[in-house]
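To keep things clear, I will list the structure first and then write my remarks on it.
2 protein chains.
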Amino acid sequence: MPKLHWEDFKPGDVAIYGPRRVTREEIVAYAAEFDPQPMHLDEAAAGTTLLGGLAASGWHTCCLMMRVLVDGLLSQAASEGAPGVDEVRWLKPLRPGTEIRVRTIALESRPSKSRPTRGFVKFRFEVIDEQDTVVMDLVCSQMLLRREPGAAA
Amino acid sequence: MPKLHWEDFKPGDVAIYGPRRVTREEIVAYAAEFDPQPMHLDEAAAGTTLLGGLAASGWHTCCLMMRVLVDGLLSQAASEGAPGVDEVRWLKPLRPGTEIRVRTIALESRPSKSRPTRGFVKFRFEVIDEQDTVVMDLVCSQMLLRREPGAAA
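Going down the list, the protein sequences come from chains Z and W. When you number the first sequence by the numbering used here, it's gap-free, plus one each residue, and the end is 227. When you number the second sequence by the numbering used here, it's gap-free, plus one each residue, and the end is 227.
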């Protein structure tokens, strides 16, 4: 299958990837390894926190988003990684049993100034639940190979 | 031990937490679960990428930072979580065997407008290696309980 390149993403493009069901077991296992705070480990303790009950670590939500994006998008694309992320917002607790999807919205596209073989696409990634409520969103500039390096953009 | 509260963090405060040694096994295990791209899974494939060799997923670096911060800081503090993150920057590949630390720099402090029992401290978190080079940094506003709710700030 031909890989997706920088030219294949245009501002305004929207796509959805997933779904993935998030289990209680993986929420607790992730928290035990990376974020062992009571609201991610134990229902009773979580009930007394701002989250109002057991919910995934915000970082776990980032990881789950990444897995959905690798499977659905990045593994099909000539991806060269990303220099970072802007504006991660944890908007709603991610509860055990939720089925998530990831919506991608291409915001901007520009060729790389320093590397004529590459370009950047700035995306908003939204993790959404079954009710289409945004659980988390973030903005990320993804680097991709160009199909026609150095062509006029 | 008395917990750290919002009042205990002042702009300009710097602290260091860790260390934690990052193994090849955990880099590959994390990638297999959350970010199965060649540069995080396989030395030979990674050598041909921009990273120039096997390196941790940027999201894995976030997770490792969080674990160091929970163990050293957040578990000792009256932490109420964070609404999100700004400006994650992946500055240098995180290689197998690296011993990381996390440097925290308190940038700003303000009481919560909506909740008199809480305040925010905006931190820069830096993941540094043995040479004190910053591998990753990010900015995060942490919510904390106030020792004296509603007192003049």
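Note that the Cβ used here is the ideal one computed from N, Cα and C, for glycine as well. All figures in this text were calculated on a predicted structure; none of them were measured in a lab.
- Contact note: L148/Z reaches chain W through Q111, using a C-beta cutoff of 8 angstroms and chain order.
- The segment 125 to 144 of chain Z makes no contact with the segment 188 to 196 of chain Z: fewer than 3 CB pairs, one atom from each, lie closer than 8 angstroms.
- P93/Z sits in a strand when the DSSP states are folded into three classes.
- If you ignore the 5 residues before and after I90/W, its C-beta comes within less than 6 angstroms of the C-beta of R175 and R177, all in its own chain and listed in chain order.
- Along the segment 153 to 166 of chain W, going in chain order, the ones with a CB nearer than 9 angstroms to a CB of chain Z are S153, E154, G155, A156, P157, G158, V159, D160, E161, V162, R163, W164 and L165.
- Taking the Cα of L165/Z as reference, the smallest distance to any Cα among P157/W, R169/W and V162/W is reached at P157/W.
- About 15 angstroms separates the beta carbons of M113/Z and A103/Z, which is beyond the 8 angstroms limit, so they are not a contact pair.
- DSSP places Q150/W in the helix class (H, G or I) of the three-state scheme.
- In terms of Cα proximity to E161/W, the closest of E200/W, A151/W, R220/W and Q205/W is E200/W.
- Interface annotation, W133/W: in contact with chain Z, CB-CB separation under 8 angstroms.
- Taking a Cβ-Cβ threshold of 9 angstroms, none of the residues of chain W is close to F197/Z; the smallest such distance is about 14 angstroms.
- The C-beta of R141/W comes closer than 8 angstroms to at least one C-beta of chain Z.
- Here DSSP, grouped into helix, strand and coil, assigns P223/W to coil.
- Contact between P85/W and S183/W holds: CB atoms are separated by about 6 angstroms, below the 8 angstroms threshold.
- Shown here, F199/Z sits in a strand according to DSSP, grouped into three states.
- Less than 8 angstroms separates the beta-carbon of P167/Z from that of A129/Z.
- Contacts with chain Z at 8 angstroms (Cβ-Cβ) include L124/W.
- With a 10 Å radius around the Cβ and a threshold of 16 neighbouring Cβ atoms, V144/Z comes out buried.
- Residues of the segment 193 to 217 of chain W with a C-beta less than 7 angstroms from any C-beta of chain Z: none at all.
- Between R95/W and the set D211/W, E204/W and W80/W, the nearest pair of CA atoms involves E204/W.
- Rounded to the nearest angstrom, the Cβ distance from Q150/Z to L212/Z is 21 angstroms, too far for a contact under 8 angstroms.
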